[in-house]
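Peer 1: Structure incoming, see below.
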Amino acid sequence: MKTISTNSFGQWGPIFCLLIAAALILPNTTFSQWQGNPVSVAVNNQTNPMMTTDGSGGTIVTWQDKHNGKYEIYAQRMNLNGNAVWATNGIAICTLDSNYNPIIVSDGSGGAIIAWQSYRGSNTADIYAQRVNSSGAIQWTTNGVPVSVVVFEQDTIAMISDGLGGAILTWQDYRSNNGFADIYAQRVNPSGSMLWTANGVSICNQAAAQRGPKLVSDGSGGAFVTWYDNRAGNYDIYTQRIGSAGAVQWTTNGVATCTMATDQLKPDICSDGAAGVIIVWYDYRSTTDFNIYAQRQGPSGAIVWVVDGVVMNNNVAYAQIDPKIVSDGMSGAVMSWTDYRTGTTADIYSQRVNSTGAVQWTATGVIICTSANDQIKSQLVSDGNNGAYITWQDHRNAGNADIYAQRIASNAAIYWAATGYAICTAANDQLSPMIVSNGNLGAIVAWQDYRIGNNFDIYETGFNTNGFVAIENSGTKNPLEFSLSQNYPNPFNPVTVIYYDIPNAGNVKISIYDVLGRNVNTLVNGPQNTGKYKIEWDASSFPSGLYFYRLESGTFVSTRKMILIK
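Residue numbers (my numbering): 8 to 573.
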C-alpha cells in the first residue's frame with residue numbers, strides 16, 4: 008500500500024467519504040495473533056513461574072520443571088526485547104528430584120537469588136537457595152545451599168533482597184513437632200553464606216499456628232514480617248521487625264496488627280515510605296462475609312490508624328478476598344483483590360489509601376474488571392506514577408482461562424479498555440500471572456500456558472504506559488529495515504493493533520491524526536531497541552471516521568490510514 012505524504016493532512020477532508028469507501032473494500036492484512044514470548048517450551052510441565060527484574064529492562068524467570076521426568080528448578084533470562092538470553096528452555100538451578108514452588112529476587116547485579124522447597128531424599132521439605140549471575144552461571148554450590156534443613160517441614164517461602172546483593176527469607180516451619188507452623192527467617196549474603204542463626208531465626212513460635220508469612224525491606228538491611236496467627240483461637244494478623252543482624256526488634260512473637268473477633272487471613276505488606284509499613288488482609292469480623300481491611304504500623308511497631316484497621320471496601324456484600332498491595336509512592340498504597348459482590352462470580356476491584364488511612368477512591372473500591380464469569384488471582388506493581396498495573400487470570404471465555412491487565416492512575420482513572428487488555432488469549436488455559444516493573448514505567452507479565460494442549464509452558468510479555476506494547480519474538484532475526492504495517496483489523500471498532508519493525512535502536516514516535524491533520528493521540532514516544540513491535544489503539548472515546556497513524560524514527564517517516572466504524 009502506498010503511504011500518504013506527511014506534509015499535510017487537511018487536503019483529505021474534501022474526499023473523506025471517498026476514502027472511507029475505498030478503505031472498506033481494501034483487503035485486510037491477516038496477522039497471526041501474537042500471544043507472548045516463550046520462556047520455556049520444553050516437554051512435560053513447566054509450572055509456578057516467578058520472576059524479578061534483571062535491572063536492564065528484562066526479567067529473570069524461574070519455575071518448577073518436569074521435562075526430565077522429575078520436578079527440578081530452572082530459570083531463564085529474558086531481555087528487554089523479549090528474547091531468551093540463556094540456554095534454550097532455561098538453565099538448571101537444581102536437578103535433584105522433588106523441588107517445588109521457587110521464588111526469586113534480584114541480586115542487584117543483573118543476576119538473581121532463587122529459593123525453593125526441596126524434598127531431596129526426604130518426605131519433608133527443606134529450603135535451599137541458589138544464585139545465578141547475569142550470564143546464567145551458577146554462583147553457589149551445585150543444586151543450592153541449605154537455608155533451613157531441620158526436622159519436619161519448612162514451606163511457604165517469601166523472600167526479598169537485602170539491598171546488599173543478598174536476600175532475606177521467611178517461611179512456615181514445623182520443627183516444633185506440635186502440628187503447628189511457626190515463622191522463621193534467614194539472611195543469606197552474596198556468597199551464599201547464612202548470616203543469622205543456623206536454620207533460621209524465630210520470628211514467632213507462639214503455641215498455635217502461624218501461617219502465610221510475607222515480608223518487605225525495612226530499608227536498613229532488615230525486614231518487616233507479617234503473618235496470620237491462631238494464638239487466640241481464631242486467626243489474627245501479627246507483624247514483627249527483624250534487624251540486619253538477625254535480632255527481632257519488637258515484642259517477642261510479634262506485635263498485634265489486628266485481633267478483631269473471628270478470622271483475619273492472608274496479609275500482604277508494603278512500605279509506607281516513612282520507615283514503617285502498610286498491611287492489608289481479608290477479614291471476617293462482619294460474620295457474614297469477608298471484607299478488605301488495612302493498617303499502618305510505624306518503625307517501632309506502633310499502630311498508626313484506627314485500632315484493628317480501616318475497611319477498604321465499605322463492607323460491600325459477599326466476600327472480598329486475596330488482597331495484594333503496593334506502595335503508591337506518597338506514603339499510601341494501592342491494592343487489588345478478588346471480589347464476589349455480585350453473589351455469583353468473581354471480579355477484580357482496587358482501592359487506594361493515603362498516609363492517614365483515608366480511602367481515596369470510591370468507598371467500595373474501583374472496578375478493574377467485571378467481565379463475564381470469574382476474574383481471580385490478581386497481582387499488581389507500581390506504574391511509577393503513583394498508580395498501578397494490575398494483572399489477573401480471566402475466565403470470560405467460558406471453558407478457558409486467559410491473562411488480562413489494566414492500568415489505574417492515582418486518581419482512579421482507568422487507562423485502557425474498561426474490561427482490561429488481553430495479555431494472552433491463546434488456546435486452552437493461561438494461569439497464575441506474575442508481574443514486575445520493567446524499570447521504564449512499564450511492566451512485564453509471566454504465566455504458565457497450556458496452549459499446546461498436553462503440557463504447561465512458560466510465557467511472558469511486556470507493555471508500557473501508553474497501552475499494551477508487546478515485543479514479538481518469533482525466532483527470526485531482528486528486522487533489517489523500518490516497516491509500518493497496516494493495522495489489523497481495519498476497519499475496526501473500537502480496538503485495533505499496529506505492527507511495526509525497528510532495525511536500529513533510537514527514539515520512536517507513533518502518532519494518530521484525524522482527517523483534518525490534528526494529532527489526537529500519541530501511542531509511543533521514547534527510546535526503543537531493535538525489534539518487532541505491536542501496539543494497540545483503543546479508540547473508544549473517538550468518533551467514527553478516517554484516521555492516520557504515523558511512525559517517526561530518525562529520518563524514517565511512514566503514514567497509513569485506518570477506519571473507525573461504530
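All residues carry an ideal CB built from backbone N, CA and C; glycine is no exception.
Using the three-state DSSP reduction, which class does residue 160 fall into: helix, strand or coil?
Peer 2: Counting from one through the sequence shown, the residue named residue 160 turns up at place 153. Residue 160 falls in the coil class under three-state DSSP.
Peer 1: Should residue 134 be labelled buried (16 or more other beta-carbon atoms within 10 Å of its own) or exposed?
Peer 2: Position 127 of the sequence shown, counting from 1, holds the residue named residue 134. The residue is buried, with at least 16 neighbouring Cβ atoms inside 10 Å.
Peer 1: Answer yes or no: do residue 98 and residue 82 have a C-beta to C-beta separation smaller than 7 Å?
Peer 2: Taking the first residue of the sequence shown as 1, we reach residue 98 at position 91. Taking the first residue of the sequence shown as 1, we reach residue 82 at position 75. Contact: yes.
Peer 1: Excluding five sequence neighbours on each side, which residues of the same chain lie with their C-beta closer than 7 Å to the C-beta of residue 231?
Peer 2: Within the sequence shown, numbered from 1, the residue matching residue 231 stands at position 224. Closer than 7 Å at Cβ, skipping near neighbours: 222, 223, 225, 246, 248, 276, 284.
Peer 1: I need the DSSP call for residue 137, collapsed to helix, strand or coil.
Peer 2: The count along the sequence shown starts at 1 and reaches residue 137 at position 130. DSSP places residue 137 in strand when its eight states are reduced to three.
Peer 1: Check residue 532 in the structure and name its three-state DSSP category.
Peer 2: On the sequence shown, position 525 is the one that residue 532 refers to. Strand at residue 532.
Peer 1: Is residue 210 near the ligand ATP, in the sense that its beta carbon is under 6 Å from a heavy atom of that ligand?
Peer 2: Absent from the structure shown: the ligand ATP. Ligands present: none.
Peer 1: Skipping 5 residues on each side, what residues in its chain have a beta carbon closer than 7 Å to that of residue 312?
Peer 2: Translated into positions along the sequence shown, residue 312 becomes position 305. Taken in chain order, the residues that qualify are 302, 303, 364.
Peer 1: Let me make sure I understand the geometry here. Which of 526, 504, 518 has the alpha-carbon closest to that of residue 540?
Peer 2: For the purposes of this step, residue 540 is taken as the residue at position 533 of the sequence shown. Checking every option, the nearest Cα to that of residue 540 belongs to 504.
Peer 1: Could you say if the segment 47-66 and the segment 440-454 meet the contact criterion of at least three C-beta pairs nearer than 8 Å?
Peer 2: yes
Peer 1: For residue 414, which residues of its own chain have a beta-carbon under 8 Å away from its beta-carbon, when the five flanking residues on both sides are left out?
Peer 2: Here residue 414 is taken as the residue at index 407 of the sequence shown, counted from 1. If we look at residue 414 and ignore the five residues flanking it on each side, its Cβ neighbours are 390, 394, 395, 396, 397, 421, 422, 423, 472.
Peer 1: Rounded to whole angstroms, what's the CA-CA distance from residue 499 to residue 171? Just pull it up for me.
Peer 2: Start at 1 with the first residue of the sequence shown, and residue 499 comes out as number 492. Start at 1 with the first residue of the sequence shown, and residue 171 comes out as number 164. Taking the straight line from one Cα to the other gives about 51 Å.
Peer 1: Using the Cβ count rule (16 or more neighbours within 10 Å means buried), how would you classify residue 488?
Peer 2: Here residue 488 corresponds to residue number 481 of the sequence shown, with the count starting at 1. Classification for residue 488: exposed.
Peer 1: Identify the continuous beta strand (DSSP E) that holds residue 514 and give its terminal residues.
Peer 2: In the sequence shown, the residue the question calls residue 514 occupies position 507. It spans 513-520 - the beta strand (DSSP E) in which residue 514 sits, taken as one unbroken run.
Peer 1: If you follow the beta strand (DSSP E) that residue 69 is part of, which residue opens it and which one closes it?
Peer 2: Translated into positions along the sequence shown, residue 69 becomes position 62. Residue 69 -> beta strand (DSSP E) spans 66-72.
Peer 1: What is the residue span of the beta strand (DSSP E) that residue 354 lies within?
Peer 2: Numbered from 1 along the sequence shown, position 347 holds the residue referred to as residue 354. Run containing residue 354: 354-360, per the beta strand (DSSP E) assignment.
Peer 1: Enumerate, from N- to C-terminal direction, the unbroken beta strand (DSSP E) stretches of 3 or more residues contained entirely within the segment 363-396.
Peer 2: 373-376, 382-389
Peer 1: By how many angstroms is the C-alpha of residue 430 removed from the C-alpha of residue 559?
Peer 2: For the purposes of this step, residue 559 is identified with residue 552 of the sequence shown, where counting begins at 1. For the purposes of this step, residue 430 is identified with residue 423 of the sequence shown, where counting begins at 1. Those two C-alpha atoms are separated by around 26 Å.
Peer 1: Return the chain-ordered list of same chain residues with a C-beta closer than 7 Å to the C-beta of residue 147, the five sequence neighbours on each side being excluded.
Peer 2: For the purposes of this step, residue 147 is taken as the residue at position 140 of the sequence shown. For residue 147, where only same-chain residues beyond five positions count, the Cβ hits under 7 Å are 137, 138, 199.
Peer 1: Rounding to the nearest angstrom, what Cα-Cα distance links residue 551 and residue 342 in this structure?
Peer 2: Residue numbering aside, residue 551 sits at position 544 when the sequence shown is read from its first letter. Residue numbering aside, residue 342 sits at position 335 when the sequence shown is read from its first letter. Linking residue 551 to residue 342 through their CA atoms gives a straight-line distance of about 36 Å.
Peer 1: Whose C-beta lies closer than 6 Å to the C-beta of residue 483 among residues of the same chain, with five residues either side of it excluded?
Peer 2: As a working note, residue 483 is residue 476 in the sequence shown. Only weak support exists for where residue 483 lies, its pLDDT of 48 falling under 50; the value from the coordinates is given anyway. Excluding positions up to five away in sequence, the list is empty.
Peer 1: Around the C-beta of residue 561, are 16 or more other C-beta atoms found within 10 angstroms, so that it is buried, or is it exposed?
Peer 2: What you label residue 561 is simply residue 554 of the sequence shown in a count that begins at 1. Around the C-beta of residue 561, fewer than 16 other C-beta atoms lie within 10 Å, and the residue is accordingly described as exposed.
Peer 1: Please list, in chain order, all residues of the same chain as residue 269 whose beta carbon is under 7 Å from its beta carbon, the five residues on each side excluded.
Peer 2: Residue numbering aside, residue 269 sits at position 262 when the sequence shown is read from its first letter. Closer than 7 Å at the Cβ level, and outside the excluded window around residue 269, lie 241, 291, 292, 294.
Peer 1: Does residue 437 come out as helix, strand or coil in the three-state DSSP assignment?
Peer 2: Taking the sequence shown and counting its residues from 1, the one referred to as residue 437 is at position 430. It is a strand residue.
Peer 1: Following the continuous beta strand (DSSP E) through residue 85, name the residue where it begins and the one where it ends.
Peer 2: Taking the sequence shown and counting its residues from 1, the one referred to as residue 85 is at position 78. Element bounds for residue 85: 79-85.
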